[in-house]
Amino acid sequence: MARTGLGREGKPIRLLSNHFAVKLSGIDSVFYQYSVSIKSDDDQVVEGKGIGRKVIDKMLQTYSSELAGKDFAYDGEKCLFTVGPLPQNNFEFTVIMEETSARAVGGSPGHESPGPGDKKRVKRSHLPKQFVVGISYAARIPLKSVALVLQGSDSDHAQDALRVLDIVLRQQQAKRGCLLVRQSFFSDDSRNLVDLTGGVSGCRGLHSSFRTTMNGLSLNMDVSTTMIVTPGPVVNFLLTNQNVRDVRDIDWPKAKRMLKNLRVKATHNNMEFKIIGLSDQPCSRQTFPMKVRSGSSEGQTVDITVEEYFKSKQVFLEKPYLPCLDVGKSKRPNYLPIELANMISLQRYTKALSSQQRTTLVEKSRQKPQDRMRVVTDAVKSNRYDDDPIFSSCGIKIDNQLTRVEGRVLSAPMLVVGNSQDCVPFKGRWNYNNKKLFEPVRIERWAIVNFSARCDMSRISRDLINCGRTKGIIIEGPYSLVDEDNQARRCAPIVRVERMFEKVKANLPGPPEFLLCVLPERKNCDIYGPWKKKNLHEMGIVTQCIVPSTKMNDQYFTNVLLKINAKLGGMNSKLALEHSRKIPVINKIPTIILGMDVSHGSPGRSDIPSIAAVCLLPSLAVLASSKYLVFPSL
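Numbering (our numbering), first residue to last: 353 to 986.
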């Protein structure tokens with residue numbers, strides 16, 4: 353739907369946006385979409401994205417003449433696009449690949465120990481070398497559809513055409529060896545890595561996508577961050593991941609779960625492997641059968657340990673007491689000593705981050721606007737998108753300067769607080785000093801629970817009550833001040849919460865309407881999530897968490913009380929427009945406003961459900977009685 357127009361309120365201002373103007377001169381170009389199927393020589397469908405790109409690239413090199421020299425945009429899965437049609441609608445090609453999944457990156461073939469099913473030492477291919485690629489016509493996508501949308505018309509193919517342009521961007525970055533995460537890409541540059549502890553790093557990259565705007569087609573670029581496994585020795589990764597100093601303290605069942613499906617590079621032969629598990633025994637005792645090739649026992653099969661095997665290849669293990677990585681198949685193990693393996697770079701870490709890791713990620717990923725502007729501008733210049741053959745054939749030119757747009761600085765809204773007193777903003781802030789709340793609540797049944805080792809709960813209670821009185825909130829004395837036992841502080845977060853809640857029930861005559869929770873002396877501690885879930889989800893008790901601070905003054909407690917008052921059904925303030933019933937449009941017509949949102953658990957946390965909520969403002973015809981109602985888990 354086209355925008356109805358621009359507003360006039362506020363002070364005009366010129367802004368730089370993270371958009372780059374795109375000139376589209378070849379609007380008569382047409383993209384042709386083809387479906388792609390890749391099968392191995394045993395007729396098994398090949399699903400791996402990385403494999404698909406390599407096979408398609410090899411096909412283009414081998415059969416360029418049969419494909420009329422067309423350049424492709426391949427999405428890495430099952431769709432391929434060209435500018436203009438191929439010579440025919442259906443093709444089937446046989447592609448021969450030289451490399452294997454355990455591929456040699458450089459140097460000579462290696463010395464990883466053979467599996468017990470091997471009768472002699474050979475280099476096994478984990479993937480078939482021969483593939484059959486099928487290509488069949490699927491759809492026609494005119495680029496003119498984008499031009500029609502820019503003119504304000506509707507088009508069924510505009511989003512498809514933009515998707516093709518985005519795929520071209522992704523393909524460029526894939527060829528540069530970048531990690532692709534939807535529309536974002538991340539390069540293998542140590543300067544982009546941020547250590548999050550625990551063997552996890554934040555990797556800074558870029559997000560890019562083509563967008564239709566009022567000013568025409570544009571390329572939107574922004575900074576992006578994802579989590580990856582910190583590259584380096586596997587032993588070091590396990591030590592940092594489990595926060596231990598000695599390899600003898602490593603929890604190997606936990607390590608096995610963490611390492612599964614990660615890729616490593618062997619330091620002695622420079623080959624890459626995928627981990628499927630760990631050996632049952634350390635290198636010094638883990639055996640496998642090997643056929644003797646010389647001496648009096650030639651031709652016989654003997655059992656040999658992994659340590660002995662590598663010693664015979666002049667590779668001497670320093671830690672033979674460690675287990676081996678199993679880099680073979682489920683029925684054909686292939687053992688690689690863990691000390692000879694390095695984590696390869698750009699492997700996504702999809703498990704949930706700890707509270708401290710999330711805090712570190714936010715702090716270290718933060719960039720000033722000038723820095724973000726420099727990063728995206730340099731990326732557009734260095735990537736030279738205009739040189740892409742598909743963009744060139746479509747007449748697409750991308751400006752390398754940020755787009756200037758007109759903006760407006762709106763005045764901060766005025767509020768009305770208690771006793772119909774105006775609250776005038778100053779430098780974007782509303783000061784509640786010497787002001788009462790619009791609708792303060794009364795708090796009677798409440799308590800303070802203390803997870804902190806050093807905290808004066810009596811002082812916190814006294815200061816909170818005194819500050820509440822100045823804001824119009826009547827707060828009775830707390831039922832109880834509940835301290836955590838010293839022994840409980842060494843337990844897991846969930847156990848600490850359960851034990852604290854048992855103490856709360858034992859100290860209170862009935863369910864409280866409110867609990868003030870004092871967290872340990874650090875931000876985003878691991879208690880916060882379990883505590884909120886226990887109270888809000890299981891018990892229906894309103895809570896407010898605070899962290900002890902040296903600045904627990906009147907302003908601090910005012911901010912805390914603003915949250916508490918709203919949570920308990922009070923109203924801190926109203927818009928001056930709302931109080932005077934001068935809100936445009938909706939004051940004249942009975943209106944319902946619905947706010948909806950959904951929260952999903954972090955990747956890797958299957959135990960956390962998705963939660964949907966609806967916020968309802970039911971009556972704007974009588975604004976003085978309007979309330980916010982929240983319906984969770986709809």
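Backbone N, C-alpha and C fix where the C-beta goes; we use that ideal spot for every residue, glycine too. All values reported here derive from a predicted model rather than from experimental measurement.
- Annotated as proximal: residue 382 and residue 493, with beta-carbon spacing under 9 angstroms.
- Annotation for residue 583: no beta strand (DSSP E) segment contains it, and DSSP assigns it neither H nor E.
- The Cβ-Cβ distance between residue 496 and residue 379 falls below 9 angstroms.
- Taking C-beta atoms as the reference points, residue 770 and residue 788 count as a pair closer than 9 angstroms.
- Residue ranges of uninterrupted alpha helix (DSSP H) with 4 or more members, entirely inside the segment 714-790 and ordered along the chain, are 721-735, 741-745.
- A contact is defined here as three or more CB-CB pairs under 8 angstroms, and the segment 852-866 meets this definition with respect to the segment 833-841.
- With a cutoff of 9 angstroms on beta-carbon distance, residue 630 and residue 677 are scored as near each other.
- 818 is the residue among 666, 394, 859, 818 whose C-alpha sits nearest the C-alpha of residue 786.
- For residue 624, DSSP records a beta bridge to 617.
- With a contact defined as Cβ atoms closer than 8 angstroms, residue 626 and residue 615 qualify at about 5 angstroms.
- Partner residues in a beta bridge of residue 792, as assigned by DSSP, do not exist.
- The segment 751-763 makes no contact with the segment 579-588, as fewer than three CB pairs between them are under 8 angstroms.
- Residues of the same chain with a CB within less than 7 angstroms of the CB of residue 669, apart from the 5 flanking positions on each side, are 635, 659, 662, 689, 691 in chain order.
- Less than 9 angstroms separates the beta-carbon of residue 575 from that of residue 727.
- Residue 864 places its beta carbon less than 9 angstroms from that of residue 797.
- The beta carbon of residue 701 is closer than 6 angstroms to those of 552, 579, 580, 581 in its chain, skipping five residues each way along the sequence.
- Collapsing the DSSP output to three states places residue 597 in coil.
- Residue 683 and residue 613 have their C-alpha atoms roughly 16 angstroms apart.
- Residue 781 has its alpha-carbon roughly 20 angstroms from the corresponding atom of residue 361.
- Going by DSSP, residue 891 is part of no beta strand (DSSP E) at all; its letter is neither H nor E.
- DSSP places residue 869 in the strand class (E or B) of the three-state scheme.
- Membership of residue 512 in the alpha helix (DSSP H) is indicated by the continuous run 510-527.
- DSSP places residue 877 in no beta strand (DSSP E); its state is neither H nor E.
- Excluding sequence positions up to five before and after residue 895, its CB lies within less than 6 angstroms of the CB of 867, 869, 887, all in the same chain and listed in chain order.
- Note on residue 621: 16 or more other CB atoms within 10 angstroms of its CB, so buried under the neighbour-count rule.
- Taking 9 angstroms as the cut-off, the Cβ atoms of residue 517 and residue 803 do not count as close.
- Distance from residue 386 to residue 490 at the Cβ level is roughly 6 angstroms; contact confirmed, criterion being Cβ atoms closer than 8 angstroms.
- Non-local C-beta neighbours of residue 404 in its own chain, meaning closer than 8 angstroms and more than five positions away in sequence, comprise 388, 390, 398, 426, 428, 429, ordered along the chain.
- Secondary structure note for residue 444: its beta strand (DSSP E) is the uninterrupted segment 442-448.
- In the three-state reduction of the DSSP assignment, residue 364 falls in the strand class, which pools E and B.
- Linking residue 738 to residue 435 through their CA atoms gives a straight-line distance of about 16 angstroms.
- Check the Cα spacing between residue 912 and each of 877, 832, 812: the tightest is with 812.
- In this structure residue 712 is buried. Its beta-carbon is surrounded by 16 or more other beta-carbon atoms within 10 angstroms.
- Secondary structure note for residue 605: its alpha helix (DSSP H) is the uninterrupted segment 604-611.
- Note that the C-beta distance between residue 808 and residue 909 is not below 9 angstroms.
- DSSP lists 585, 617 as the beta-bridge partner residues of residue 694.
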